[in-house]
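Numbering (mature numbering (1 follows the signal peptide of the UniProt record, and there is no 0)), first residue to last: -20 to -1, 1 to 431.
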C-alpha cells in the first residue's frame, strides 16, 4: 500500500471541483463581464477572433473547447453589435463571413439563440434585385441578387426567422424615393479574383445575362454606361481586345447582331449609354513617355489614330491650327514646327490625307472658303482695272478698224467685242489668278513664319 502524503493528495482531490467551478463560472455570466463578440478577423486559424463569434458558438466542436455544454451558454457569455454580412465565395465554409449572417444564424438550433444571433447584427439594408455585390444571378440564396422581398419569402428564410415579416423586420425600411444609382463597371479581368463578378465581366454582361426585361431593369438601377467613340483612349490598354466596345465604338458595338438580340433593338442598346461627348484632340507625343503603350491615341496623336475613320474624327474636337514655332520644334517634318499651313499644303500625304483641303478641314479651316472670300474682296479692285484697261482695249480696236482698215460700224463692233473678250479671258487666266495666288502665298508665308 502506497503512503501518500495528505498535503500532496489534497490538490488532486480538489481538481475536479476546481474544473467544475470554472465551468460554472463560464455558465454564469454574472460572475464576469460579457466576452467580446468578434466579427470575422483577418486570420485563418480556428479561433473565435478569426472565425467570428456567430460561427464559433454555433459549432459544438469549437464551443466545447471553452467548456460550454451548449451554444446557448456560449452566446449568453457574449454581447455586441456588428455589420450584417453577406455570402462570399472564396473562403472557409465554417467562417461567419463566408456563409453570411443569414446562413450562420439560421443554422443555430435554438430559436431563442437564433434570434439572439440575428439581433447581434445591425439591421441590413433593403436590397433590390441585382444589387451591388451580387455573386451570380444563378446563385439563388444571395439576397443581393434576389432582392430582399424575394429573399425573405423563400422557405429557408421563413424557417430561419419564423415568417417573411420577421425577416423583413431585420432590414431597414425600403426607401420611398429613388436613391443614388449604383455605379456601372467596364470589364476588368484584374477584378476576376475577388467576389466582384460585375466588376470582372462588366455591367452590361452581368445585367443582360439575366434576359432582356430583367437585364434592362438591372441596367436602369445603375449609372448609364459610357458612350465610346471609335478608338477611345481606353483602347490599347492592357487586357483590351480590338473587338471591345472601347475600340470599335458604341454605335458599331450596338449594331452587332449579338447586342440587337440582347437588347431587342440597336437604339435600346444606345439608350443604355450616356449621351456622346466630344473627346479632345491629341497632338503626337514627342516622345511618348510610355514606350510600352505606343498604340494609344495619347502617344500617336488623334490624326494617326483616326485616319480613314470619319466617325472617329467626328467624335473628337477639331485639331488646332498651329502657327510655326521654332522654339518647340522636334523635327523638320512636324506640324508643331512648320505650322499647320505648310504641314497641310506641302505634307498632307504624310498623314494619308486625300488633299490639303482634307487636312485643313480637320483643323476647322476651309482653304476654299478663304480663296472665295479673297476673290470676292478682289472683285471691286479688278472692276476698276477692267474699266481703265477696257478703255485702252476699245481705243485700240477703233484704231485697227477705222484708221488702218477703214472698216464700217459693224466691223468696229465685232472688233471691240473680240478684243474685250480676249482681254477678259487673259485677265481671268493670268493676271487675276496670279494676283490671287500671290496674295494667298503671302498669307501662307505669314502663317508659317515663326515668331
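Every residue, glycine too, gets a C-beta built ideally from N, C-alpha and C.
Since the structure is predicted, the reported quantities are computational estimates derived from the model, not experimental observations.
- Alpha carbon to alpha carbon, how far is residue -18 from residue 48? Only weak support exists for where residue -18 lies, its pLDDT of 40 falling under 50; the coordinates are left without a value.
- residue 58 bridges to which residues according to DSSP? Residue 58 is bridged to 15.
- Item | Buried versus exposed call for residue 244 [16 or more other C-beta atoms within 10 Å across all chains shown] | With a threshold of 16 other beta carbon atoms within 10 Å, residue 244 falls short and is exposed.
- Query: Given that a residue counts as buried once 16 or more other Cβ atoms are within 10 Å of its Cβ, and exposed if not, what is residue 288?
  - Reply: A residue is called buried when at least 16 other Cβ atoms come within 10 angstroms of its Cβ; residue 288 does not meet this threshold and is exposed.
- Query: When the Cβ atoms of the segment 30 to 38 are set against those of the segment 84 to 100, are three or more pairs found closer than 8 Å?
  - Reply: Because the criterion of three Cβ pairs below 8 Å is met, the segment 30 to 38 and the segment 84 to 100 touch.
- Message: Can you tell me which residues form a DSSP beta bridge with residue 115?
- Response: Per the DSSP secondary-structure output, residue 115 pairs with nothing in a beta bridge.
- Task: Kindly list the residues whose CB is nearer than 6 Å to the CB of residue 54, restricted to its own chain and excluding five residues on each side of it in sequence; keep chain order.
- Result: Around residue 54: 37, 43, 48.
- Item | Distance, residue 30 Cα to residue 16 Cα | Roughly 13 Å separates the two Cα atoms.
- Give the range of the alpha helix (DSSP H) segment to which residue 247 is assigned. Counting along the chain, residue 247 sits inside the alpha helix (DSSP H) bounded by residues 246 to 251.
- Item | Close beta carbons around residue 161, own chain, < 7 Å, minus the five adjacent residues each side | Non-local C-beta neighbours of residue 161 in its own chain, meaning closer than 7 Å and more than five positions away in sequence, comprise 201, 202, 203, ordered along the chain.
- Message: Between which two residues does the alpha helix (DSSP H) holding residue 224 run?
- Response: Run containing residue 224: none; DSSP gives neither H nor E here.
- Task: Use the C-beta contact count for residue 422: other C-beta atoms within 10 angstroms, 16 or more gives buried, fewer gives exposed.
- Result: By the Cβ neighbour-count rule, residue 422 is exposed, with fewer than 16 other Cβ atoms within 10 Å of its own.
- Query: Considering only residues of the same chain and omitting the five flanking positions on each side of residue 87, which have a CB-CB separation below 7 Å?
  - Reply: Contacts found: 38.
- Item | Which residues DSSP lists as bridging residue 259, in chain order | According to DSSP, residue 259 bridges with 296.
- Message: Just to confirm, is the Cβ distance from residue 296 to residue 276 under 8 Å?
- Response: Inclusion of residue 296 and residue 276 in the CB contact set at 8 Å is not warranted, their separation being larger than that value.
- Query: Does the distance from the CB of residue 208 to the CB of residue 230 come in under 8 Å?
  - Reply: Against a cut-off of 8 Å, the Cβ pair of residue 230 and residue 208 comes out as a contact.
- Rounded to the nearest angstrom, how far is the Cβ of residue 210 from that of residue 228, given a contact under 8 Å? Under the criterion of beta carbons closer than 8 Å, residue 210 and residue 228 qualify as touching, at roughly 6 Å.
- State the Cα-Cα distance for the pair residue 364 and residue 394, rounded to the nearest angstrom. So the alpha carbons of these two residues sit roughly 24 Å apart.
- Using three-state DSSP, classify residue 43 as helix, strand or coil. In the structure shown, residue 43 sits in a helix (DSSP, three-state: H, G or I).
- Query: Closest to residue 265 by CA distance: which of 314, 32, 217, 152 is it?
  - Reply: Per the Cα distances, 314.
- Determine the contact status of residue 62 and residue 101, defining contact as a CB-CB distance below 8 Å. Taking 8 Å as the Cβ cut-off, residue 62 and residue 101 qualify as a contacting pair.
- Message: To the nearest angstrom, how far is the alpha carbon of residue 366 from that of residue 260?
- Response: Counting only the Cα atoms, residue 260 lies some 50 Å from residue 366.
- Task: Identify whether residue 151 lies in helix, strand or coil by the three-state DSSP scheme.
- Result: When secondary structure is reduced to three states using DSSP, residue 151 falls in the strand class.
- alpha helix (DSSP H) containing residue 315: first to last residue? From DSSP, the alpha helix (DSSP H) with residue 315 extends over 315 to 318.
- Opposing strand residues paired with residue 101 [DSSP bridges]: Residue 101 is bridged to 62.
- Query: Apart from the five residues on each side of it in sequence, which residues of its chain come closer than 6 Å, Cβ to Cβ, to residue 333?
  - Reply: Contacts found: 339.
- Message: To the nearest angstrom, how far is the alpha carbon of residue -11 from that of residue 57?
- Response: Per-residue confidence for residue -11 stands at a pLDDT of 33, beneath the threshold of 50, marking its modelled position as unreliable; the derived number appears in the next sentence. In a straight line, the C-alpha of residue -11 is about 32 Å away from that of residue 57.
- Three-way DSSP call (helix, strand, coil) for residue 162 in this model: Residue 162 falls in the strand class under three-state DSSP.
- Message: In the DSSP output, which residue or residues are listed as bridge partners for residue 205?
- Response: As DSSP reads the structure, residue 205 sits in a beta bridge with 253.
- Task: For residue 112, I'd like the list of residues in its chain whose CB is within less than 6 Å of its CB, leaving aside the five on either flank, ordered along the chain.
- Result: Non-local C-beta neighbours of residue 112 in its own chain, meaning closer than 6 Å and more than five positions away in sequence, comprise 162, ordered along the chain.
- Under 8 Å by Cβ, that's how I've got residue 224 and residue 69 pegged, so tell me the actual separation to the nearest angstrom. Actually they are not in contact, since the Cβ atoms of residue 224 and residue 69 sit about 26 Å apart, beyond 8 Å.
- Task: Please name the residue in 404, 127, 381 whose C-alpha comes closest to that of residue 108.
- Result: Among 404, 127, 381, the Cα nearest to that of residue 108 is on 127.
- Query: Exposed or buried, residue 132, counting other C-beta atoms within 10 Å across all chains shown (16 or more means buried)?
  - Reply: Buried: at least 16 other Cβ atoms inside 10 Å.
- Three-state class that DSSP yields for residue 381 in the structure shown: Reduced to three states, the DSSP call for residue 381 is helix.
- Message: Quick check on residue 177: buried or exposed, where buried means 16 or more other Cβ atoms within 10 Å of its Cβ?
- Response: Burial call: buried.
- Which one of 235, 139, 242 has the shortest CA to CA distance from residue 195? For the set 235, 139, 242, the Cα lying nearest the Cα of residue 195 is the one of 242.
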